[in-house]
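Structure record follows, encoded as structure tokens.
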Amino acid sequence: MHRALVLALAGMALILEPRVASAQDTTTTIPGRVTVGLDAGGRVFTKSVDSVDLGKFEEYKHVPSGLVFQGFRADWRPTAAGPDFWMTGRQLAERDKSFWLGARKPGQFTAMAFWDRIPHTFSTTGQSAGTEAPIGRHKLPDPRPDTSTWNSSPLLSPIRTMWDPVKFVVGATPSEHWNLRAEYLWLDKSGERPVGMSFGSPGTNHREVTEPIDQTVHDLRVSPSYATRQYQLSFSYAYSRLVNNYASVSADNPLQTVDTRTAGAATGRDALTPGNFAHTAMLAGGVNLPSRTRLTGTVTMSWRGQDEPFIPMTSNSVLADSVETVTLPTSLQGDTRTTMVNLRATSRPTTPLTLSGLYRHFDFSDETPEITFPVRVVNDRTFSRTEETRHTLPYSRDQADVSAAWRFGPLAKLTAGYGWERWERAEIRNVDETNEHSPRLALDVTAKDWLHFRGTWSTGWRRGTEYEEEQEVQNPKMRRFDQADRDRERFDLLADITPTGQLGFTLLGGVGTIDYPESEYGLQYERTAVVGGSADWSPSPRFGLGVSYTYEAFTATQTDQTRDPTQLDNPTYVWASDHSDFINTLGGYLDAVLIPGRLAAGGRVDWTRAEFTVVTVNPNGTPTGGTAGQNDGATAKPWPQFTHEWVPASLFVRYSVTTQVAVTVQYSIDRFEGEDFRTDGLQPATGTDIYLGNDYRNYNAQWLTITLSYHLPLIGTGRPPL
Amino acid sequence: MTAAAGVALGLAAVPLARAQQAAGYAGSQECTTACHEQEAARFLRTPMGRVFLEGPRSDLERQGCEACHGPGKAHVESGGEDMTGMIRFARNSTTPADERNRVCIQCHEKTARLYWQASPHEASEVACSDCHNVMTNVSERANLQKPTVMATCTQCHLQRQSQQMRSSRMPLWEQKMQCSSCHNPHGSPNEKLLVASSVNETCYNCHTEKRGPFLWEHPPVVESCSNCHEPHGSTKEKMLKLPKPRLCQQCHDPTRHPTRSLGPADTKYVMGRQCANCHTMIHGSNHPSGFAFTR
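Below is the structure:
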């Protein structure tokens, strides 16, 4: 299929007359001519990756050996005054292919359609001793497989989801004032991804299986706007609908073959995401007033709903007999709404002064009818006549911001600002209302034509009304980070240095702190620091060189206390967990024309290494006071370090045989090494639990790609690094 | 037909505007035939060049080069020496960003640029020409300074480029999405220059299955995906801010869920999918028994 397509397009290329394109240009069209560009060849691995190690390597891409069709482009501009028509394709022989089709007449209309496949590979190492038939029903033999059978079970095919977005866009500018735009997106998601299935939690077993994905999203948007120099109006409406063809996934319990009232179900069943819809309308306007004053306002309203039928309350036939004696709700009649109002004003009453103000209100309301289940089933294992009521979680968020900037001549500008944010949440949350205040200062310095420096400092404090402590067995002194009082401070620097128009440096640095002063337990503080820079040198259009580097450090500490009904507040059971992330990232690129019109070379190399540690200790000494088991359970232990190192690199040499034909030799390296003790080498049968064993493996891939390009500049030289 | 000839033909088709005859204006033909022939040839291949030089719709567009660069008569008459009043857009231009931007927004202050004024980028003295190059086609779309959106944005947002090198990230390197998939760099009525009215509304554009409403909702999920996820890239799985179970333990203490050791009895709490081994529907459940997100 692919081969036939390549041959057909290659044939078309030979028939159509080529035209020379500018080396810098990607959209050259000559009126009255069809212009075609092609880039195709072959790929061979000098260091290949085993199929079981492909998971991370092919997470979002597909790099097979053999035929390569990097891309094609065809342009047609019937007349000088007429529109352009164009068609492009990328990665045609590969899983992540894309096609684009369009027509446009600048300033008048544009029409475009595209299909841009996005693969997402989750695993190539998944194993299972069961079968899946039909899709979404994971079966196990009776008697159930033993540990050795699980651990020697056959590999599954790659666990992967494919996204196929197809989008149509039409835009028109019928007059200087009107803009019209309409879009329709059809997004198909298919495949599978790993998901858990618990058969009794906590304390009993679970099994990891694959969730079938067969979802379609329909997304329609229309947005007319009218604009003059004095005022502008814009309206948009969007309708979005999700259709999910799988309501649930079922899996046999690896530990039992019959349903019982005490041990649970022989088969578990998870409800998958329900289909839903949303209507969103937005009205926006702006007006320019004297003194360079501008007012803008926006109102956005959205209405979401879903009413998919509920699946049965339990798959345990023994419990189902009890459940069936009561009347249960059959669907949610879900109805949630959002409203966003934004008002903004900015003015320059005098040349050096700029004043700005902003108010934004966001409201999320849940209008779903109250719904109560008269009985309660936990993981198909326990049944009780305890009511379970759905709680709504409405919230609103108000933000205001004012700022004043004063320009001290051409050299400097000082900006002072003050922000405020209020959250109001449902009573079921811990804090009804929080208010956060955030003053800030910014200094911009422009030294002639070669230096732009910006330094910003901001601080902030968030305080809430009384913290309603958790009931039941949760630690009452725990403070959740999203509602807890906090103090913030941040300082950032950015310098843009351009000694000449061809040489530029960017330097950045920043430090930030967040403290949670009232949290005895929970997140205590967060610290961030980043420093980095980049340099770009382009002494001529034929040469470009750039490097960049960043160092990032993130640290945080959280505390808690191991609790047990007989050891609710044992000070030696306190634990503290320090988290540290240190990341170095280096990158560079080169683009050089070695012999004008003949030989060019370039590439991009990136490297990153990240180290993450979780060190948990008992700050009050070795846990004592409980039973040996309790003390052991409260004893903190550090986790093994997490690391990852990724090196993607690609270097090419291109020789132009003629002005239209070029040969490109590209050598690519993609190496990944990571350590994560939670998934590395995880056996399918571990304890009483069953995993797919789907970890991402390390890989080191190296490959050579040779392509023949016909009218290459038309396709564009901005290739992705891999 | 050479590109320069194309320019000349294009300009010949442009009616001479009254504005061009105004004092101080030289007319674009003076620019394109005297000293800036190559620049004009490249400009003619851009969408804006075609409008200005081939099909102008207003008096301003009929001014051609001088519509943006200002009146150039003195510049022409001085043989290129006199730059007085000229507006330049190069990276090391002495024309203040605000003055450069005013040139652009006199036409472009609409649709996606409605909120440019007072936007974070405008307030930070970013010039339109820092990101866009309307004189030549460097990118396939939007006339960017760099071949891709990410390369353009990371000129300043270098840390975001580094985050895209994390082990857990979105497919920006593969160009399957762009910074502009979520952000409108020209200004937005929404926080963080988002394209939709909240973090969640933005995420739902692609992750529609997370939109709900669900029978059982998880409060931090309803409020903001960014409570748990770092969408620009993370060293943790699923772009999480912390590895599970520590992430979950920032709000839920480990009672009944021992995570202190790595022994066989505790594996389900620490290994594999960690908390999500059992709490599989953590973004919301529509199962009548899914109140703990286990179904």
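If you're matching them up, the sequences are chains A and B in order. Position 352 of the first sequence, counting from 1, maps to 352 under the numbering used here, and the rest follow consecutively. Each number in the numbering used here comes from the position in the second sequence (counting from 1) with 1000 added on. Note that beta-carbon positions come from the ideal geometry of N, C-alpha and C, so glycine has one too.
| Check | Outcome |
| --- | --- |
| For A/D401, which of helix, strand or coil comes out of DSSP? | strand |
| To the nearest angstrom, how far is it from the Cα of A/W115 to the Cα of A/L187? | 9 angstroms |
| Closer than 8 angstroms by beta-carbon distance: list the chain B residues that pair up with A/W450, in chain order. | N1092 |
| Could you pull out every unbroken alpha helix (DSSP H) segment of at least 4 residues lying fully inside the stretch 634 to 709 of chain A, listed in chain order? | none |
| By Cβ distance, which residues of its chain are closer than 6 angstroms to A/I497, with the 5 residues on each side in sequence left out? | L451, F505 |
| Can you tell me whether DSSP reads B/Q1106 as helix, strand or coil? | helix |
| From this set, A/L283, A/F362, A/R671, A/R381, which residue's C-alpha is nearest A/T204's C-alpha? | A/R381 |
| Just to confirm my understanding: we take A/T149, look at its own chain, exclude 5 residues before and 5 after, and list those with CB closer than 6 angstroms. What are they? | A129 |
| Determine the DSSP secondary structure at A/V195, reduced to helix, strand or coil. | strand |
| Helix, strand or coil for A/P571? Go by DSSP, reduced to three states. | helix |
| Counting along the chain, where does the alpha helix (DSSP H) carrying B/E1066 start and finish? | 1065 to 1069 |
| Quick one: residues in its chain with C-beta nearer than 7 angstroms to the C-beta of B/R1295, no 5 flanking neighbours on either side, listed in chain order? | M1281, S1285, H1287, S1289 |
| So, is the C-beta of B/L1194 closer than 8 angstroms to a C-beta in chain A? | no |
| Report back the beta-carbon spacing between A/T459 and A/P439 to the nearest angstrom; my notes put them in contact at under 8 angstroms. | 6 angstroms |
| Does any residue of chain B have a CB that is nearer than 8 angstroms to the CB of A/T705? | no |
| Only counting runs of 3 or more residues, tell me where the beta strand (DSSP E) segments fall wholly within the stretch 312 to 353 of chain A, in order along the chain. | 334 to 350 |
| Taking Cβ-Cβ distances below 8 angstroms as the criterion, which residues of the stretch 1111 to 1125 of chain B are in contact with chain A? | T1111, L1114, Y1115, Q1117, A1118, A1123, S1124, E1125 |
| Would you kindly report the start and end of the unbroken alpha helix (DSSP H) that includes B/Y1269? | 1267 to 1270 |
| Are there 16 or more other CB atoms within 10 angstroms of the CB of A/T707, so buried, or fewer, so exposed? | buried |
| Against chain A, with Cβ distances strictly below 8 angstroms, would B/M1135 count as a contact? | no |
| Here's the rule: buried if 16 or more other CB atoms are within 10 angstroms of the residue's CB, otherwise exposed. What is A/T125? | buried |
| Answer with buried or exposed for A/G264, where buried requires no fewer than 16 other C-beta atoms within 10 angstroms of its C-beta. | buried |
| Quick one: what does DSSP say B/P1219 is sitting in, helix, strand or coil? | helix |
| Excluding the 5 residues preceding and the 5 following A/V170 in the sequence, name in chain order all residues of the same chain whose CB lies nearer than 6 angstroms to its CB. | A111, A182 |
| Residues in the same chain with beta-carbon distance under 6 angstroms from A/I118, minus the five sequence neighbours each way, listed in chain order, please. | W163 |
| Which runs of the alpha helix (DSSP H), 4 residues or longer, sit entirely within the stretch 1173 to 1222 of chain B? | 1199 to 1204 |
| Would you kindly work out how many angstroms separate the C-alpha atoms of B/M1048 and B/V1134, rounded to a whole number? | 7 angstroms |
| Quick test of the definition: if touching needs 3 or more C-beta pairs under 8 angstroms, does the stretch 1203 to 1211 of chain B touch the stretch 414 to 421 of chain A? | no |
| For a contact defined as C-beta to C-beta under 7 angstroms, what are the partners of B/F1291 on chain A? | E388 |
| With a Cβ-Cβ cutoff of 8 angstroms, do A/P312 and A/A320 count as a contact? | yes |
| Let me know if A/T27 comes out buried or exposed under the rule of 16 or more other beta-carbons within 10 Å of its beta-carbon. | With a pLDDT of 44 at A/T27, under the threshold of 50, the predicted position of this residue should be treated as unreliable, though the coordinate-derived value follows. Per the 10 Å Cβ criterion, buried. |
| Just checking, does the stretch 1183 to 1198 of chain B make contact with the stretch 1155 to 1170 of chain B on the three C-beta pairs under 8 angstroms criterion? | no |
| How close, in whole Å, do the beta carbons of A/A636 and A/W575 come, if the pair is a contact with beta carbons under 8 angstroms? | 4 angstroms |
| Is the stretch 516 to 532 of chain A in contact with the stretch 559 to 570 of chain A, if contact means three or more CB pairs nearer than 8 angstroms? | yes |
| Which same chain residues end up closer than 6 angstroms to A/F168 when comparing Cβ atoms and leaving out the 5 residues on each side of it in sequence? | A113, Y184 |
| How far does the alpha helix (DSSP H) with B/K1062 in it extend, from its first residue to its last? | For clarity, residue 1062 of chain B is Arg in the given sequence; the question names Lys instead. Here the alpha helix (DSSP H) through B/R1062 covers 1059 to 1062. |
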